[in-house]
Amino acid sequence: MSKLVAPSILSADFANLEKEIKAITEAGADWVHVDVMDGRFVPNITIGIPVVKSLKKVSSLPLDVHLMIEEPERYVEDFVKAGSDYLTIHIESTKDAAGTLRKIRELGAKAGITLRPRTPVEQVLPLLPLCDLVLVMTVEPGFGGQSFMHDQVPKITRLREEISSKNLNCLIEVDGGINAETAKICREADVFVAGSYVFGKDYRSAISTLKNA
Ligand code: DX5
Ligand code: ZN
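The sequence shown runs 0 to 212 under numbering that gives the first Met the number 0.
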């Protein structure tokens, strides 16, 4: 089955986001991946609620918002109202991941959980019934353009087993260092996030390569 591709606009031209979104849309992207960083949960700072709101106005694709922020429970309502279709939180960033995931769904968005590379996958398994998406980080969150961490791949296999055996309705997404080669290694995933790989070359050929990985 063809994969979904979510280009990460972290690697796009921030002065021309509307143009970039139109370009990836025409090139066949399925979702737009938006990386939100607060300078506390991760060392980098990117964009916030007003930018998500502006992106929503110019995007016909779902916005897949990846929150790399402390205490996401304080902000999920604003991010859903701004137009996040999928809203993903880090398990390490909150004392109440379950409550925050429930809140995202109550607000009308799809809820996602993710984990840092050093966090064992077992920690997210009990949360999967509350999730529409589980994101496996294959780099340390914070920056685009890093190398793929092969040692994270068994997490995808473990999640696939869990989702199949419990008959859960949860997509597996992978994020970090995804390109033509690493996407093949992650073929059990449903959704590929890719920043530098898509925005670094011909958008259409990069997206179609990932879709057919
Ligand atoms: C990293 C972000 C990623 C990043 C991926 O913290 O979550 O979405 O943009 O960039 P690449 O595809 O270049 O590794
Ligand atoms: Zn991301």
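Just so it is clear, CB atoms sit at the ideal spot from N, CA and C, and this is done for glycine as well.
In its own chain, which residues sit with a C-beta less than 7 Å from the C-beta of Lys55, not counting the 5 before and 5 after it? Along the sequence shown, one-based indexing puts residue 55 at 56. Closer than 7 Å at Cβ, skipping near neighbours: Leu62, Ala81, Gly82.
What are the residues that DSSP puts in a beta bridge with Glu172? Within the sequence shown, the letter at position 173 stands for residue 172. Its beta-bridge partners are Leu134, Val190.
For Ile44, does the count of other Cβ atoms within 10 angstroms reach 16, so buried, or fall short, so exposed? Against the sequence shown, residue 44 aligns to sequence position 45. Exposed.
In angstroms, rounded to a whole number, what distance separates the CA positions of Gly194 and Gly143? Within the sequence shown, the letter at position 195 stands for residue 194. Within the sequence shown, the letter at position 144 stands for residue 143. Answer to the nearest angstrom: the Cα atoms are 7 Å apart.
When you compare only the Cα positions, how much space is there between Asn178 and Leu209? Here residue 178 refers to the residue found at position 179 of the sequence shown. Here residue 209 refers to the residue found at position 210 of the sequence shown. One C-alpha to the other measures close to 7 Å.
Going along the chain, which residues put their C-beta within less than 5 Å of some heavy atom in the ligand ZN? Asp34, His65, Asp174
Specify, as a first and last residue, the run of the alpha helix (DSSP H) that Lys21 falls within. Reading the sequence shown from its first residue, position 22 is the one you call residue 21. Segment 16-25, the alpha helix (DSSP H) holding Lys21.
Do Val35 and Val64 count as a contact pair if the criterion is CB distance below 8 Å? One-based indexing of the sequence shown puts residue 64 at position 65. One-based indexing of the sequence shown puts residue 35 at position 36. In this structure, Val35 lies closer than 8 Å to Val64 by Cβ.
List, from N- to C-terminal side, the alpha helix (DSSP H) runs of 4 residues or more that fit wholly inside the region 7-84. 16-25, 48-57, 75-80
With a threshold of 16 other CB atoms inside 10 Å of the CB of Gln151, please say whether the residue is buried or exposed. As a working mapping, residue 151 is identified with position 152 in the sequence shown. Buried, since its Cβ has 16 or more Cβ neighbours within 10 Å.
Euclidean distance between Cα positions of Phe40 and Ala212: Here residue 40 refers to the residue found at position 41 of the sequence shown. Here residue 212 refers to the residue found at position 213 of the sequence shown. Each residue's Cα considered, the two are about 32 Å apart.
Can you determine whether any heavy atom of the ligand DX5 sits closer than 7 Å to the C-beta of Met148, and answer yes or no? The count along the sequence shown starts at 1 and reaches residue 148 at position 149. Checking every heavy atom of the ligand DX5 against the Cβ of Met148, none is found closer than 7 Å.
Between Ser195 and the ligand DX5, is there a pair consisting of the residue's CB and a ligand heavy atom that are separated by less than 7 Å? Indexing the sequence shown from 1 puts residue 195 at position 196. Checking the Cβ of Ser195 against the ligand DX5 gives yes.
Which residues mark the beginning and the end of the beta strand (DSSP E) in which Ile112 is found? For the purposes of this step, residue 112 is identified with residue 113 of the sequence shown, where counting begins at 1. Ile112 -> beta strand (DSSP E) spans 109-114.
Does the region 163-173 come close enough to the region 118-135 to have 3 or more Cβ pairs within less than 8 Å? yes
Have a look at the DSSP bridge pairing and note the partners of Thr87. As a first step, residue 87 is located in the sequence shown; it is residue number 88 there, counting from the start. BP columns for Thr87 point to His65, Gly111.
Reduced DSSP secondary structure (H/G/I, E/B, other) of Leu167: Position 168 of the sequence shown, counted from the start, is the residue given in the question as residue 167. Three-state DSSP puts Leu167 in coil, outside helix and strand.
So, Asp77 versus Ile48, is the Cβ gap smaller than 8 Å? Within the sequence shown, residue 77 is the residue found at index 78, counting from 1. Within the sequence shown, residue 48 is the residue found at index 49, counting from 1. Yes, Cβ-Cβ distance for Asp77 and Ile48 is below 8 Å.
Whether Cys130 touches Cys169 by CB criterion (8 Å): Here residue 130 is taken as the residue at index 131 of the sequence shown, counted from 1. Here residue 169 is taken as the residue at index 170 of the sequence shown, counted from 1. Against a cut-off of 8 Å, the Cβ pair of Cys169 and Cys130 comes out as a contact.
Limits of the unbroken alpha helix (DSSP H) element including Phe198: Mapped onto the sequence shown, residue 198 falls at position 199. Here the alpha helix (DSSP H) through Phe198 covers 195-198.
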